Every structure is written in C-alpha cells, then in structure tokens.
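**Student:** Residue numbers (our numbering), protein chains in the order written: chain A, 1006 to 1636; chain B, 690 to 886. A virtual CB, placed ideally from N, CA and C, is assigned to each residue, including glycine. Bear in mind that the values here come from a model prediction, so they are computed numbers and not experimental data. Take a look at the following structure, please.
Next up, the structure:
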C-alpha cells in the first residue's frame, strides 16, 4: 500500500507539496474530491485517483475528474452542502472558470469542511498568465491559507478543513509552483475516519439564493469574516519572530527566501519578521502592532502588492508613522532569475538572491554576492524547445490542414500539447487566451474579417469549454471549421481521463461520451471523422469541411502515442530512409519536423529508436523513399 | 553541517527528477535536512528538465544565479545553458554524450562539439568532472541508467554529507527490481569514473 495511505502517524516521508496536500486531506477525513487537472496542481488529483485505483479498500473517498473547474466546484459544493468533507482542486486560471459558483457558494457555505485549492504559477512555467489568486479571497470574502512549503501545506489543509467545518464556509488554499513542486520530509499523523455518506437536509432559506435569501446570506458572510479574522489574529499561522526596529512582512515561499537571506546577512537578530500564513482575512491588529513598533518595514510577497497595500491602508487608518517599502514600479529585464535586480516587481517569481539583495539594500546590510559566471565566450547555444512527440497524430493533422489551406487561413488554437503547433515548421497557432477560446474566437475572427478560419481544440478541452462555444457558433450561423484533436486522453497534464475517453481501456467504470454524437447533437451540419495518419483521405475530408459554408467539424481521431504505449500497445515497425531512393527534397524535415528525423550530409535520416512507425513521413516523401525497417 | 545547493539539468526522459528525488530520500534516510524542487511541464516533449536539491538546512527550494555549489548536467550543451547558476568555485559534473536538440537535427542550428563545451567549462569554473556517462550506463546494461551514473559521480566528487550507503539503499528500495543490479552497477561506474577524472 502506498505510504500516503498509512493508517498511523509518526514517521516522516519525503513528499511533493501536492502529495502533502493529499495526505493532509486524508488525515482530515476526506470523503469527496473533485478537480480539473492543471499544472502545478495536477499531482493532487492524480495521486487521489491513483490511490483509489491501487487500494480501493483503503482509499474510501469518492473522487472524480470533472469536466471543468466550474463543474468540479459545483459538484463539490453539493457534497459539502450535504455534509461531507470535500476537496476541490484546480490551477489558478481554473479558479476563473469556477469563479461564478465560488462567489455565491461563499454566501450559502457548507455543512462540512470544504477546501478549494488554487495553484498559482508565478513566472508561468506552464501557464498562460501569472494572475494572483489571492484576489479571490478578497473578492469572495472567504478565508485563505498560503503555505510556504509541503509541511505547512499538509498542516494548513487539516486546519482549513476544521475551520471550514466550524464556520460552515469553504476555505481557499493558495499555493505556488514552488510549494506544489517542492519535496521535503513531511511528518505524518493518524488519519481521521471519514464520514462517507450523509443526508441532504433541506434548508431553502440557506441554500437557494433568491435575492431575499442572498441579502441575509451576505450579512452571514460578513459575520463569518469577523470570526475568521479572529482566527487570523490569534491562530497559529500569522506569527512574529525576532525583534528590532526593522521589520519584514512576508508570505508563501518568499518567507523562506527571507529566512535564508537573514541568515546569509547575519541579520536574524536585527530584523523581526511577520510571516502571514493565513492571508485572508488579514490579522489587521497584529499588522498594526508590528508596524507601530517598527521604523521601517519591507513587504516581501510574490506577484501583486496585496499585503503591501493593506499595510499602507492600516498605517494610514491608525496614523502609524512607519516607512513601508514594497514593490517598485520599475519594469525588470526579461527574467529576474538570470540577473536578480535589487527591487521587487509584480512580475515573475522571487528567488533567494533577489530577496537578499533587496533586504540588504533596504536596511543597509553589507553582503558580498557570488559572481555568476559570465556568458562571454560561450558558443551559440542551440535552443531546445519542447516538440510534439515522434508519431504524435497532431503533427499529421496540422500537416493535412496546411496542405489544404497553407498559411493564409487564420488558426485559433487552444490549451494542450497541440499548442506546440505554434512552433515552426508547423506555425499554425494564431490566437489563444484560455481553455475553449479556439471555438468562440473563431466566430469573432471570421465575422470580423471574412477570412478562412480553422481552429484546433483537444478532446479534453472540448468537453471542458468547447461545447457552449460550438452551440453559440451553430446558433449564430458562424462560418469556420473546428478540428477536434481527439487523442483519447488529457495528454498535456499527464493522461487523465475525460468524458470522451474509452473507459474500458483504463478499467474505469465511468461512462464514455461519443464526440461525434455530441457535435451532431449540437446541430453541426458538416461532421467528419478522420484518421490523421492516413494523409490522403484526411486531406480530402478537410478540403470538403473547409469548403462548407457554416460551422463544420473535423474530428481527428488517433490515440496519443505515449498513452497508447500504456493502454493499447501496438508494435509497428520503425521506418528508414532508402539512400538509393532519397533525392534530398527534405519535405519530410521541412513539413513535418518529427523529432525522430535528423540530417546527415544533407539527407534525411530516421532514428529507429525514436520512430514509432506512424508512417506520416513515408506518405509525404515525393520519391517514396521512406520505408519500414526490414526485420 | 554545510549547506550545499545542487542544480541538476537534463533533457526530458533522462531521469533527472528521479535522481533528485533519490538524493532527497537518501538525505532524509541519513537524517539530514533537505529540500528538493522540480520544474515539471513539458519534460516528456523533449524540453529541458531542471531540478534542485538543497542539503544542509537552507529553506529556499530554488537556487539563484551564481549560487550553485554543484551543477550536475546529464548533457554537455545543457551544462553550458545553465552556466549562469555557477560561480568560479562551483563544481560542474557533466556527461559528455551529446543529445542534439531537434533544432540541430534539422539543420536549423549548430551544436557546439562536446569537447569544446568542456573546454569552455574548464575556463569558466575551477572544477570540472566530464566523462561519457551514457557509455557507462550502457556498460551497466541499462541504457536508461544515466541518472544512476550521474549520482555515482556526484557522490564521488561532491563531498556530500549524505553517505553512499543511504543512496544505495534508496536505489534498491525505489527503482524497479529488475533494474536494481544494473542501477547499482551504473552508480559504481559513475563513482569510479568521476573519482578518476
């Protein structure tokens, strides 16, 4: 049995932050969990899913991958209203999708502990923006916890479940990539026995938000805010250490950068630190006292200046004379990591050197930094961008569409592996803002320009937020072609299931929904399903689809090869280039750019260890020079 | 106890994250404070994978520019790319086996010859340990054991407080049984090669 299911406490294990969140939820008696995966949150649901598959007798909670974050939060809210301890997880931008239910869920509250994880991604390692989810605590009025590391993450999850249950309100847990994806020794405690079933107690004056009810509920939320603020003031998560007239107020992983910096600067005894772990409601009295007893305070927080502005407001309100230093308005160079500046910005994550430099500058401490090796004299370094895998069917679909329309059409894209179609030689990604934007923006672009528009969306993303956009397009008589790249899984985030997945392949008891049936049901008049690795018939089908006036849909169906290797292994022979036949046109390299191909003396070659035998290049070669390797 | 900041860099699929995780578990086994951090994301798609192991009690999970005590690179080009993490005194351990990125394979960019890369490294930092780790992995009869080779080299030259017996115990406990012997052999080959380099 996995260590995360250990029924006893005592020992410490090296856990990823996301695993620590899972263990915290299990120790708190988790009964119900929903999610939509997304980096850096994905290992929370993936671990819950895996544990349940491996040890159903020990992992008794209900778990589901929901179709999107809004659905996940609404489903979770039902379970929590019914009285089960519930966890709902998503990445930061997922909380935008779930923002609508969140705002009013805050009014009705819950009947049992409910924790909502929003995982932020400062510096955007795998995200389209670096918005600061701490705003959502302020917007919704819900309590928020901000762990600095995996140990705190686990403890805060437990505390949050208890607080949530006591106040009958959902509680937000806001992490950042450096907490989700850090590992450290996490001490285990004995898990609570979960309450797995409940009965829904009708209380429409509490749970049905017609205006008359909501007016009362808003006042209820404000009362809960007061109670939560008392916990923020007196509870264990907002603590002062050290003493002196110089102060630092900090939260999240930045608190560790501060701690290490003060060690490096030999300034532990000269600076007091207020570490904010429960970051909403803010402990305003504690902050006021901290400011009153300091001459100068530096606020160290990643992304938006929320703590900083709160400090300034408190100082103004209470007439406290203190110098508050925080974010600069300066715009940093492209990356703060390469050469840490000596000021704090709203852009990008912080790092130890940056925090040390700003601390030293603000308080006049002396420190001799190490000098990073200079890049002078280095040879030009070829880039190593991520690439669609060898044999990826997306490449074949892109090839076929480009054979029909070239670079003239506009190609809105969406969020998934296929976003890599942005890179040359494919270069077929023209517009992307969020999950589902491919479908809906296509209508706008084609109406506004009259240009040919072909958009791309993955199967999981289609169920996440493509359906409503497609209904809109049909209803409003838009004119574009939508290509649904159906690789049978949620490939980008680690092969999670979704409604279109062949559930038999993975031994799940969930129900499969047929994409073609859905598309026809939404009223699309021209629907074709292609096998993208058959290029001729695919090109013909795409040609017909793009000539159709109105909304047409092409479903390009072929399993993700990484996923297929696990669930439906096939042995296909790799291909090789016949030296005798190859005349060096290099269409294979110029048009499809498969990572199994390389150039040798001006001619294309295939790495047989990487080639999975998809045969796309073989169909493109004008000399038919690409043939299966003979056994 | 000294703080040691170790940055590991590799190409997706070379097993970098497992190496860092094993080192973290070995430190825990030996009762030493440790923080490991990883950048996930598009690793499976041929991109660069970076992780960090911080031994000895510092709490920050990442390593800033110029502040790595050790840079361990599974590929020579990637060692150059992350040179900004190093200062003059950083120990650089790198495998010399080239894994040209796709941009090079299709002729869109040139790959600096590994021996040139190593020469540049030697000019930039005082201590460089360079050897063909992939060759040793193949000698150990598991071509996927480059990460074990690199761990062996790290333990030979890194002056870590973590004992070798802890990392070997973690390799035995946490890698697939049918690869255990090959993995331990790869570790030893890496250890010997680095000790002699």
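Under the rule that 16 or more other beta-carbon atoms within 10 Å means buried, what is residue 690 of chain B, buried or exposed?
**Tutor:** Locating residue 690 of chain B in the second chain gives position 1, where the first residue counts as 1. Counting Cβ neighbours within 10 Å, residue 690 of chain B comes out exposed, since fewer than 16 surround it.
**Student:** Over what stretch of residues does the alpha helix (DSSP H) that includes residue 859 of chain B continue unbroken?
**Tutor:** Position 170 of the second chain, counting from 1, holds the residue named residue 859 of chain B. It spans 853-863 - the alpha helix (DSSP H) in which residue 859 of chain B sits, taken as one unbroken run.
**Student:** Out of B:809, B:795, B:780, point me to the one whose CA is closest to residue 1381 of chain A's CA.
**Tutor:** One-based indexing of the first chain puts residue 1381 of chain A at position 376. Considering only alpha carbons, the answer is B:809.
**Student:** Identify, in the order they occur along the chain, each residue of the same chain with its Cβ nearer than 6 angstroms to the Cβ of residue 1478 of chain A, setting aside the five sequence neighbours on each side.
**Tutor:** By 1-based counting over the first chain, the position of residue 1478 of chain A is 473. Same-chain partners within the cutoff: 1448, 1556.
**Student:** In or out: residue 1605 of chain A buried (at least 16 other Cβ within 10 Å) or exposed?
**Tutor:** Residue numbering aside, residue 1605 of chain A sits at position 600 when the first chain is read from its first letter. Exposed, because fewer than 16 other Cβ atoms sit within 10 Å of the Cβ of residue 1605 of chain A.
**Student:** To the nearest angstrom, report how far apart residue 1161 of chain A and residue 1578 of chain A are at their CA atoms.
**Tutor:** As a working mapping, residue 1161 of chain A is identified with position 156 in the first chain. As a working mapping, residue 1578 of chain A is identified with position 573 in the first chain. Approximately 52 angstroms between the Cα atoms of the pair.
**Student:** Around the C-beta of residue 1469 of chain A, are 16 or more other C-beta atoms found within 10 angstroms, so that it is buried, or is it exposed?
**Tutor:** Here residue 1469 of chain A is taken as the residue at index 464 of the first chain, counted from 1. Buried is the call here.
**Student:** For the stretch 1190-1205 of chain A, which residues have a beta carbon sitting closer than 8 angstroms to at least one beta carbon of chain B?
**Tutor:** Correct list: 1190.
**Student:** State yes or no: is the beta carbon of residue 1617 of chain A nearer than 8 angstroms to at least one beta carbon in chain B?
**Tutor:** Position 612 of the first chain, counted from the start, is the residue given in the question as residue 1617 of chain A. Chain B contact via Cβ: absent.
**Student:** In chain order, which continuous runs of the beta strand (DSSP E) of length 3 or greater are located wholly inside the stretch 1323-1384 of chain A?
**Tutor:** 1328-1330
**Student:** Find the residues of chain A that neighbour residue 790 of chain B, judging by a C-beta separation of less than 7 angstroms, and give them in chain order.
**Tutor:** Position 101 of the second chain, counted from the start, is the residue given in the question as residue 790 of chain B. 1387, 1388, 1389, listed in chain order.
**Student:** Counting contacts by CB-CB distance shorter than 8 angstroms, is residue 1046 of chain A in contact with chain C?
**Tutor:** Absent from the structure is chain C; the protein chains it does hold are A and B.
**Student:** Over the uninterrupted alpha helix (DSSP H) stretch that includes residue 1407 of chain A, give me the two end residues.
**Tutor:** The count along the first chain starts at 1 and reaches residue 1407 of chain A at position 402. It spans 1398-1410 - the alpha helix (DSSP H) in which residue 1407 of chain A sits, taken as one unbroken run.
**Student:** Ignoring anything shorter than 3 residues or poking outside the stretch 732-779 of chain B, list the beta strand (DSSP E) runs there in chain order.
**Tutor:** Runs of the beta strand (DSSP E) lying entirely within the stretch 732-779 of chain B, each at least 3 residues long, are 737-744, 759-762 in chain order.
**Student:** Which residues, in order along the stretch 1402-1413 of chain A, keep a beta-carbon less than 9 angstroms from a beta-carbon of chain B?
**Tutor:** none
**Student:** Quick check on the burial criterion: 16 or more other C-beta atoms within 10 angstroms. Buried or exposed for residue 1213 of chain A?
**Tutor:** As a first step, residue 1213 of chain A must be located in the first chain, where it is residue number 208. Flag for residue 1213 of chain A reads exposed.
**Student:** Could you please give me the residues that DSSP links to residue 1190 of chain A through a beta bridge?
**Tutor:** Within the first chain, the letter at position 185 stands for residue 1190 of chain A. DSSP, once it has assigned bridges, lists A:1019 as partnering residue 1190 of chain A.
**Student:** Using a Cβ-Cβ distance under 8 angstroms, would residue 1356 of chain A count as near chain B?
**Tutor:** Taking the first chain and counting its residues from 1, one reaches residue 1356 of chain A at position 351. The beta carbon of residue 1356 of chain A falls within 8 angstroms of a beta carbon belonging to chain B, placing the residue at that interface.
**Student:** Counting pairs of beta carbons, one from the stretch 1496-1513 of chain A and one from the stretch 1528-1540 of chain A, are three or more of them closer than 8 angstroms?
**Tutor:** With the cut-off at 8 angstroms, the stretch 1496-1513 of chain A and the stretch 1528-1540 of chain A do not touch.
**Student:** Quick check on the burial criterion: 16 or more other C-beta atoms within 10 angstroms. Buried or exposed for residue 1446 of chain A?
**Tutor:** Position 441 of the first chain, counted from the start, is the residue given in the question as residue 1446 of chain A. Per the 10 Å Cβ criterion, buried.
**Student:** Give the residues from the stretch 744-759 of chain B that approach chain A closer than 8 angstroms (Cβ to any Cβ), ordered along the chain.
**Tutor:** 747, 748, 749, 750, 751, 752, 753, 754, 755, 756
**Student:** Taking only runs that begin and end inside the stretch 1465-1523 of chain A, name each unbroken beta strand (DSSP E) of 3 or more residues, in chain order.
**Tutor:** If we require 3 residues or more, the beta strand (DSSP E) runs fully inside the stretch 1465-1523 of chain A come out as 1485-1491.
**Student:** Can you name the start and end residues of the alpha helix (DSSP H) that residue 822 of chain B belongs to?
**Tutor:** Along the second chain, one-based indexing puts residue 822 of chain B at 133. For residue 822 of chain B, the uninterrupted alpha helix (DSSP H) segment begins and ends at 822-828.
**Student:** Assuming residue 1292 of chain A is part of the alpha helix (DSSP H), what are its boundary residues?
**Tutor:** For the purposes of this step, residue 1292 of chain A is taken as residue 287 along the first chain, with counting starting at 1. Here the alpha helix (DSSP H) through residue 1292 of chain A covers 1289-1297.
**Student:** When you check each C-beta in the stretch 1255-1286 of chain A against every C-beta of chain B, which residues fall closer than 8 angstroms?
**Tutor:** 1258, 1261, 1262, 1264, 1265, 1268
**Student:** Kindly indicate if chain A contains any beta-carbon less than 8 angstroms away from that of residue 811 of chain B.
**Tutor:** Reading the second chain from its first residue, position 122 is the one you call residue 811 of chain B. No, residue 811 of chain B lies away from the interface with chain A (no Cβ there is under 8 angstroms from its Cβ).
**Student:** With 7 angstroms as the limit, tell me which residues of the stretch 1155-1184 of chain A have their beta carbon closer than that to any beta carbon of chain B; keep them in chain order.
**Tutor:** Result list: 1183.
**Student:** Taking three-plus beta-carbon pairs below 8 angstroms as touching, is the stretch 1106-1123 of chain A in contact with the stretch 1054-1073 of chain A?
**Tutor:** Judged by Cβ distances under 8 angstroms, the stretch 1106-1123 of chain A makes no contact with the stretch 1054-1073 of chain A, as fewer than three pairs qualify.
**Student:** Starting from residue 887 of chain B, follow its DSSP beta bridges and name the residues at the other end.
**Tutor:** Nothing in the structure corresponds to residue 887 of chain B, since chain B is present only between 690 and 886.
**Student:** Could you tell me whether any Cβ in chain B is nearer than 8 angstroms to the Cβ of residue 1188 of chain A?
**Tutor:** Translated into the one-based positions of the first chain, residue 1188 of chain A becomes position 183. By this cut-off, residue 1188 of chain A is an interface position.
**Student:** Could you check how far apart the C-beta atoms of residue 1141 of chain A and residue 1100 of chain A are, in whole angstroms? I think they sit under 8 angstroms.
**Tutor:** Along the first chain, one-based indexing puts residue 1141 of chain A at 136. Along the first chain, one-based indexing puts residue 1100 of chain A at 95. Indeed they touch by this definition, with Cβ atoms about 6 angstroms apart.
**Student:** Considering only DSSP beta bridges, list what residue 1067 of chain A is partnered with.
**Tutor:** As a position in the first chain, residue 1067 of chain A is number 62, starting the count at 1. Looking at the DSSP assignment, residue 1067 of chain A forms a beta bridge with A:1037.
**Student:** I'd like to confirm the pairing. Which residues does DSSP put opposite residue 697 of chain B in its beta bridges?
**Tutor:** Counting from 1 along the second chain, the entry for residue 697 of chain B is found at position 8. Under the DSSP definition of a beta bridge, residue 697 of chain B partners with B:740, B:761.
**Student:** So, using beta-carbon positions, are residue 1462 of chain A and residue 1456 of chain A closer together than 8 angstroms?
**Tutor:** Position 457 of the first chain, counted from the first residue, corresponds to residue 1462 of chain A. Position 451 of the first chain, counted from the first residue, corresponds to residue 1456 of chain A. No, Cβ-Cβ distance for residue 1462 of chain A and residue 1456 of chain A is not below 8 angstroms.
**Student:** Excluding five sequence neighbours on each side, which residues of the same chain lie with their C-beta closer than 8 angstroms to the C-beta of residue 1209 of chain A?
**Tutor:** Taking the first chain and counting its residues from 1, the one referred to as residue 1209 of chain A is at position 204. Same-chain partners within the cutoff: 1218.
**Student:** Pull up the DSSP beta-bridge partners for residue 1463 of chain A, would you.
**Tutor:** As a position in the first chain, residue 1463 of chain A is number 458, starting the count at 1. Note: residue 1463 of chain A sits in a beta bridge opposite A:1490.
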